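Under the working numbering, think of the first position of the sequence shown as 40, with each following residue one higher.
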Amino acid sequence: MAPTKTPAKKKSASARAARGPTKSSPWVHKPRGKAEARVYLGDCRDILPTIPEVKKGQVDLVFADPPFNWARDYDRHQTGQTWDDKSMSASEYLAFTHAWLDLCIGAIKPSGSLWVNIPDTWAAEIVVHLKARGLTMVNWCVWHYRFGQNTRGKFINSKLHALYFCKDPALKTWNPDPVLEISDRRSIYFDARTEDKRDGMPAGLRVPMDVWYGRYWGRVQGNNKERRHGHDNQLPEVYLDRVISCSSNPGDVVLDPFLGSGTTGVVAHALGRRFIGCEYSKANATHACERITLGPIRDLEAMRGDSTAIHGPRRKSARGARTGGGAASSSADA
Ligand SMILES: C[S@@+](CC[C@H](N)C(=O)[O-])C[C@H]1O[C@@H](n2cnc3c(N)ncnc32)[C@H](O)[C@@H]1O
């Protein structure tokens, strides 16, 4: 009997994501009615100049979390394809950094912003370079996390810098509303003045401070629900939710030249932004595509607005006042 032909199964989005981008063509994800996400494979210094939105200066927001020159193998164990993060001298690393920064600066619209996630080692050099290129610093934020590497000879490192620059302060996109959080006046002091504000801000809320921590803000490790196996440098979804919602609008173009496990793409896509990512490692790029297809682990809307108070209430709750947390950064975040 002749073998019966089974109809070719419709390829699911996740099967396409599982292939990821190739050297010759980007991975493109465009579900019906949603903004497109595109992922390119290779060195961002080669790829960025070929991307239409970059060539035309149409990017609204760049978020970059580059390799830190810290001898991380960036998933060599999985594929053998890796960015060799330990081979650069300081001057080589700076030349590399200036090259990708300049490509990103050229890509951004006059109303656009550039964020860089970077450790102490290189933050100052990057700030100096961006200022020399005419960008304006909006904030020098700090992402504080627990579970830094234990040390005896110096203080334990427990932060990364989130450097926030714009091209033109008068034109920059800035949306405080989606990132507002419960103020200490409400959660600790039950201060009536915060419930009747005259500065145009909603009652009991404030723009977050420039040091970022709190529930879900710990490093993505251990039993954290967001954790993807094989990525030790994955950023938490809350971090990108804050960056993308305050400095871009739905439909805007968001670019990440160092996509890694894909957190920027996951959040940008979920928030209705057009997304473009570059990644050197095939394994990382493929995981990023899978994550973009699946969407965020957290309920982004529900996570917003928590109190980050480091003290519990100091007074008896006033009637009807919403109380907040009272604990500093949590790292378990499961
Ligand atoms: C710090 S990780 C990014 C992590 C990411 N933010 C996340 O949440 O998963 C840096 C990534 O940049 C990639 N990379 C390093 N050099 C690159 C280059 N020249 N072009 C593109 N990607 C590069 C590495 O393979 C690594 O995945």
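For glycine and all other residues, C-beta sits at the position ideal for the given N, C-alpha and C. All of these numbers come straight from a predicted model, not from anything done at the bench.
- Fully enclosed alpha helix (DSSP H) runs of no fewer than 4 residues are not present anywhere in the stretch 231-271.
- Non-local beta-carbon contacts of residue 76 in its own chain, meaning distances under 7 Å to residues more than five positions away in sequence, involve 68, 304, 308, 314 and 331 in chain order.
- Ranked by Cα distance from residue 73, the options 311, 168 and 208 are led by 311.
- Collapsing the DSSP output to three states places residue 77 in a strand.
- A distance below 8 Å separates the beta carbons of residue 226 and residue 352.
- Counting other Cβ atoms within 10 Å of its Cβ, residue 134 stays below 16 and is therefore classed as exposed.
- For residue 218, the closest C-alpha among the options 65, 344 and 84 is that of 344.
- Between the alpha carbons of residue 109 and residue 159 lies a gap of roughly 12 Å.
- Placement of the Cβ of residue 301 at a distance of less than 7 Å from at least one heavy atom of ligand 1 is found.
- Residue side-chain check: residue 106 places its Cβ nearer than 7 Å to a non-hydrogen atom of ligand 1.
- Per DSSP, residue 176 lies in no alpha helix (DSSP H) segment; the continuous beta strand (DSSP E) that holds it begins and ends at 175-183.
- In the three-state reduction of the DSSP assignment, residue 348 falls in the coil class, being assigned neither a helical nor a strand state.
- In the three-state scheme derived from DSSP, where H, G and I count as helix and E and B as strand, residue 313 is classed as strand.
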